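Residue numbers (my numbering): 54 to 168.
1. If you pair each beta-carbon of the region 137–155 with each one of the region 92–108, do three or more pairs fall below 8 Å?
2. Determine the contact status of residue 114 and residue 87, defining contact as a CB-CB distance below 8 Å.
3. From 159, 129 and 131, pick the residue whose C-alpha is nearest to that of residue 147; which is it?
4. Would you kindly check if the distance between the Cβ of residue 107 and the Cβ of residue 65 is under 8 Å?
5. Can you tell me whether residue 164 is buried or exposed, with buried defined as 16 or more other CB within 10 angstroms of its CB?
6. Here's the rule: buried if 16 or more other CB atoms are within 10 angstroms of the residue's CB, otherwise exposed. What is residue 61?
7. Take residue 84 as the anchor and find which of 97, 153, 111 and 152 has the nearest alpha-carbon.
8. Thinking just about the alpha-carbon of each residue, which of 109, 135, 79 and 63 is nearest to the one in residue 92?
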């Protein structure tokens with residue numbers, strides 16, 4: 054492996070080390086899946102391809118696309134369910150800290166919807 058290819062590999066691993074942990078599914082982490090992909094011996098990426106992969110990972114880490122294309126207006130507040138995204142964020146924040154019984158109750162509420 055040439056020195057620039059090692060540099061690309063190093064940048065990819067550095068980006069993966071900075072990737073946040075998934076609290077919703079702690080047993081399946083994005084960084085471990087991508088790391089396995091790059092450790093495959095039959096995966097022969099050129100230096101340019103590795104640098105592109107590293108750039109893509111760093112752009113996702115920095116929220117480059119969220120900053121470039123901000124979501125505003127009525128897109129986050131659909132008329133059919135204006136609080137959908139706020140409720141979704143609340144649910145995602147609460148989910149990792151729930152006990153077994155709380156998770157079971159939420160699942161039962163989802164199965165039986167009384168309106």
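For each residue, glycine too, the CB sits at the ideal point set by N, CA and C.
Computed from a predicted model, the values in this text were never measured in an experiment.
Answer, in terms of the structure:
1. no
2. Contact: no.
3. 159
4. Yes, they are a contact pair.
5. exposed
6. It is buried - the Cβ of residue 61 has at least 16 other Cβ atoms within 10 Å.
7. 111
8. 63
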